[in-house]
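Using full-length UniProt numbering, the first residue of the sequence shown is number 1, and each one after it goes up by one. Report on one structure; see the data block that follows.
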Amino acid sequence: MSVQTIPTKPFEGQKPGTSGLRKRTKVFSQPHYVENFIQATLDSFPNGTPKSLVVGGDGRYFSLPAIQSIINVAAGNGVQKLIIGQNGILSTPAVSHLIRLHSTDGGILLTASHNPGGPEADFGIKANLSSGQPAGENVTDAIYKKTTTIQEYKVVQGGEVDLSKLGHTKHGNLAISVVDSVSDYIQYLSTIFDFDLIKQFLQSGSFTVRFDALHGVTGPYGRALFIDAFGLPESAIQNCVPSPTFNGGHPDPNLTYAKSLVDAVEKENISFGAASDGDGDRNMIIGKGAFVNPSDSVAIIAEWASKGVIPYFNKSGGVKGLARSMPTSGALDRVAKEHNLPFFEVPTGWKFFGNLMDAGKLSICGEESFGTGSDHIREKDGLWAVVAWLSILAAANKEKPGTSVQDVLQAHYQKYGRNFFSRYDYEEVDSAGAKTLMDDLAAKFGDASFAGSKLGEFEVKSGELFEYKDPVDGSVSKNQEKYSKDPSEYAADAQVGLKPLIDQALALSQLQKHTGRDKPTVIT
């Protein structure tokens, strides 16, 4: 097999965001589209063309053809080794772990996260660096710049590589290892948490579990964890067979798209329910009569980790620091203050957490968009959060048998008070209307009289466009909450507790006027 140089032309709009390049599948399936983007990506790695990469994704429609294109372009550019998940399947956390485990130069992930999959739905590609974290803006900007001027890409053409069989093969001079998608990651989790304690707890009484993979990549991981490792019955998992179209569903773990799980937990009196998204980096935690919003979840995990219930942190000198994204509630701030831990508020995007982790400043972090994680890898990790909650419940039940998810929530509120929090998602809104909305808000924030003004019963403390200066690399990134110390409010519905504030936010933003929507697609 010889290297061929293929003439090409730029495609408009190949600009990666915080989670890579996401477009409709039909856009990615155009001739040369994937090859152009992969060539630009390989040309933009910080230390030159990578010698080794991990490749895998959530198994969505078009993944296998895209991986074959990646193999061809990697071989054409002198990449020496690819580690690929069997059948192209690897969760996003598993990719990050394998990058770090095998000390590769990075990885290429094929995922559009929680977006639907299929020929009429979404596809995505993103690059991770040698630390296992998503490529930062310096790399994604370089990728985009190269896509605007690309004139050729290099490939080694040949027969398709069989990704269904474990083992080693060659494609030209490129060595390819097809690896078990699940085993290394589950083994790693077993070193982070006390699996024996969790298994003993889950098998000792009437505590029941249901995990919903939403037909995403975590199905095989969920089976390996709940059935094989913890010895639970088949009823402990649902929707755990990955589907290229996520069985026609929306693989987003929230109360709207994981409704079958929510209904099952209530109707069947299931003690603990959890769901993960398409690529495995997000999670939702619920219990009988209890929904744990993501802002509270990371705070509670941090609280119990500081008590020593997660062995990983005990072995690494304790919890080093805590961080959340700007839109996430202040619940985590209170835990950091209580335990005298460094605390950081960062923009949305896991790469900002990664910089702090690499500098040894951060252990546990989270986002309000159902993303939770720690410095064990450099991605948010849905199953890590699920097992963290099982660790908390095992420890809590050891202290007081019969402790439920709701009991853990209420105990946390009794100690710290409650940060009422809600998020409204308006999906597939016209971009022009959305931009006008944000421009109008920015103008209001820029008015000196805005701070101190009245919005109904509320007084505006401040209004600003969030700006973050990274304490590690010095880079600057520019461009919904109520706190209560009244115990009688701790069990209230967030939508009830926040209604006056939500009404003012909708009025201030004139959201219906700008978007034409009278209600959100999803409420968290």
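Think of the CB as a built atom: it goes at the ideal place given N, C-alpha and C, for glycine as much as any other residue. Keep in mind that this is a model prediction, so the values were computed, not measured.
Original post:
What are the partner residues of Q238, as DSSP defines its beta bridges?
Top reply: For Q238, which the question treats as bridged, DSSP gives the partners D212.
Original post:
Does the Cβ of E12 have 16 or more other Cβ atoms within 10 Å, making it buried, or fewer, making it exposed?
Top reply: Only exposed fits E12, as fewer than 16 other CB atoms lie within 10 angstroms of its CB.
**OP:** May I ask which residues mark the beginning and end of the alpha helix (DSSP H) holding R60?
**Re:** Careful: R60 lies outside any alpha helix (DSSP H) and carries neither H nor E.
**OP:** Give the secondary structure of T41 by DSSP, where H, G and I count as helix, E and B as strand, and everything else as coil.
**Re:** DSSP places T41 within a helical segment (H, G or I) once states are collapsed to three.
Original post:
Does the beta-carbon distance from V156 to G76 come in below 8 Å?
Top reply: Yes, the pair counts as a contact, with Cβ atoms nearer than the cut-off.
**OP:** Express the C-alpha separation of V335 and E303 in angstroms, rounding to a whole number.
**Re:** About 6 Å.
**OP:** Within its chain, find whatever has a CB closer than 7 Å to the CB of K435; leave out the 5 residues flanking it on each side and keep chain order.
**Re:** So no residue of the chain qualifies.
Original post:
Could you check where the alpha helix (DSSP H) with V335 kicks off and where it finishes?
Top reply: Where V335 is concerned, the enclosing alpha helix (DSSP H) stretches over 331-338.
Original post:
DSSP state of P93, grouped into three classes?
Top reply: In the three-state reduction of the DSSP assignment, P93 falls in the helix class, which pools H, G and I.
**OP:** Check each candidate in E338, A359, T328 and name the one with the smallest Cα separation from V346.
**Re:** The option with the nearest alpha carbon to V346 is T328.
**OP:** Taking all protein chains shown into account, decide if I512 is buried (16 or more other Cβ within 10 angstroms of its Cβ) or exposed.
**Re:** With the sequence shown as reference, residue 512 is identified as Gln, and Ile is not the correct amino acid for it. By the 10 Å Cβ count, Q512 comes out exposed.
Original post:
In whole angstroms, what is the alpha-carbon distance linking A127 and G57?
Top reply: The straight-line gap from Cα to Cα measures roughly 11 Å.
Subject >> Assigned exposure category for E367 - 16 Cβ within 10 Å defines buried >> reply: Around the beta carbon of E367, 16 or more other beta carbons sit within 10 angstroms, so the residue counts as buried.
**OP:** Would you tell me roughly how many angstroms separate the C-alpha atoms of P116 and R60, rounded to the nearest one?
**Re:** C-alpha separation (whole angstroms): 9 Å.
Original post:
In three-state terms, what does DSSP make of G222?
Top reply: Of the three classes helix, strand and coil, the one that applies to G222 here is helix, per DSSP.
Original post:
Which ranges does the alpha helix (DSSP H) cover as unbroken runs of at least 4 residues, wholly within the region 129-213, from first to last along the chain?
Top reply: Within the region 129-213, the complete alpha helix (DSSP H) segments of 4 residues or longer fall at 137-147, 183-192, 195-202, listed in chain order.
Subject >> Pair within 8 Å by beta-carbon distance, Y221 and I186 >> reply: Between Y221 and I186, the CB-CB gap stays under 8 Å.
Original post:
Can you give the Cα-Cα distance for V241 and Y416, rounded to whole angstroms?
Top reply: Take the alpha-carbon of V241 and the one of Y416: they are about 40 Å apart.
Subject >> Extent of the continuous alpha helix (DSSP H) run through M357 >> reply: Start and end: 350-358.
Subject >> S276 classed as buried or exposed, judged by whether at least 16 other C-beta atoms fall within 10 angstroms >> reply: With 16 or more other Cβ atoms from the protein chains shown falling within 10 Å of its own Cβ, S276 counts as buried.
Original post:
Quick one: what does DSSP say A323 is sitting in, helix, strand or coil?
Top reply: Look at A323 here: in three-state DSSP terms it is strand.
Original post:
Which one or two residues does DSSP pair with I364 in a beta bridge?
Top reply: BP columns for I364 point to L322, S374.
Original post:
In or out: P134 buried (at least 16 other Cβ within 10 Å) or exposed?
Top reply: Buried, since its Cβ has 16 or more Cβ neighbours within 10 Å.
**OP:** Just tell me which of N293, G321, S235, M284 has its CA closest to the CA of I270.
**Re:** With distances taken between Cα atoms, I270 lies closest to S235.
Original post:
Straight-line CA distance for I6 to F352?
Top reply: The alpha-carbon separation between I6 and F352 amounts to approximately 37 Å.
Original post:
Hey, out of L255, I108, R100, I89, whose CA is closest to S369's CA?
Top reply: The shortest C-alpha separation from S369 is found at L255.
Original post:
Are N247 and D212 closer than 8 Å when you measure CB to CB?
Top reply: With respect to the 8 Å criterion, N247 and D212 are not classified as neighbours on the basis of their beta carbons.
Subject >> Enclosing alpha helix (DSSP H) for G287 [first to last residue] >> reply: That residue, G287, is in no alpha helix (DSSP H); its beta strand (DSSP E) goes 283-287.
Subject >> Residues of its chain near V298, where Cβ-Cβ distance is below 6 Å and the 5 sequence neighbours each way are ignored >> reply: The answer, listed in chain order, is L332, G366, T372.
**OP:** Take F123 and list the residues in its own chain whose beta-carbon comes closer than 6 Å to its own, dropping the five residues that flank it on each side.
**Re:** Cβ contact annotation for F123 (same chain, cutoff 6 Å, sequence separation greater than five): T25, F28, F62, A112, in chain order.
Subject >> Inter-residue Cα distance where the pair is K482 and F421 >> reply: In this predicted model, K482 has a pLDDT of only 47, less than 50, meaning its place in the structure is not dependable; the value taken from the coordinates is given anyway. Their backbone Cα atoms lie some 7 Å apart in a straight line.
Original post:
Given a threshold of 16 other Cβ atoms within 10 Å of its Cβ, counted over all protein chains shown, does K461 qualify as buried or as exposed?
Top reply: That one is exposed.
**OP:** Tell me where the beta strand (DSSP E) around T5 begins and ends.
**Re:** Taken as a continuous stretch (DSSP letters only), the beta strand (DSSP E) holding T5 covers 3-7.
Original post:
Under a three-way DSSP split, which group does E266 fall into?
Top reply: Here E266 carries a helix assignment [DSSP, helix/strand/coil].
**OP:** Pick out whichever of I310, L390, N340 has its Cα sitting closest to the Cα of H376.
**Re:** Taking each of I310, L390, N340 in turn and checking the Cα distance to H376, the smallest one comes out for I310.
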